[in-house]
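Q: Numbering (this note's numbering), first residue to last: -10 to 59.
Every residue gets a Cβ at the ideal spot worked out from N, C-alpha and C, and that includes glycine.
Being a predicted model, the structure only gives us computed values, none of them experimental.
Take this structure, written in structure tokens, and hold onto it; I'll ask about it next.
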Amino acid sequence: MNKEKIRCERVSVDEAAKILGMAPYMVRFRMKRKTLPIGRAIPPEQTGSSRWEFRIYRALLEKEVGRTLE
């Protein structure tokens, strides 16, 4: 796997919540308020949907927890 692929690898909200030791709703809440810098929380008006979209990147999650994830 090349470095670019690894840098852009995404993680689900549920997986991130488990790693961070918090509930999925809290991950979403903190991402919406930009207090959890592990990716982007995209509002419905930008996605063209009726729901928020959460893009969580493995590299940013690793930086937040201070270790490499398997």
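Does DSSP put I27 in a helix, a strand or coil?
A: In the structure shown, I27 sits in coil (DSSP, three-state: anything other than H, G, I, E or B).
Q: Taking the DSSP output, what are the residues bridged to Y46?
A: In the DSSP output, where bridge partners are listed per residue, Y46 has R(-1).
Q: So, for W41: in the same chain, excluding its five sequence neighbours on each side, which residues have a beta-carbon less than 8 Å away from its beta-carbon?
A: The residues are R17, K21, A30, I31, P32 and P33.
Q: Distance, Cα to Cα, G10 vs G37?
A: When rounded, the distance between both Cα atoms is 31 Å.
Q: Rounded to whole angstroms, what's the CA-CA distance from M(-10) to E(-2)? Just pull it up for me.
A: Reliability of the predicted coordinates at M(-10) is poor, the pLDDT of 48 falling under 50, and the value obtained from them is presented with this limitation in mind. Between M(-10) and E(-2), the C-alpha separation is close to 11 Å.
Q: Tell me, please, whether the CB atom of M20 is closer than 8 Å to any CB atom in chain B?
A: No chain B is part of this structure, which consists of one protein chain only.
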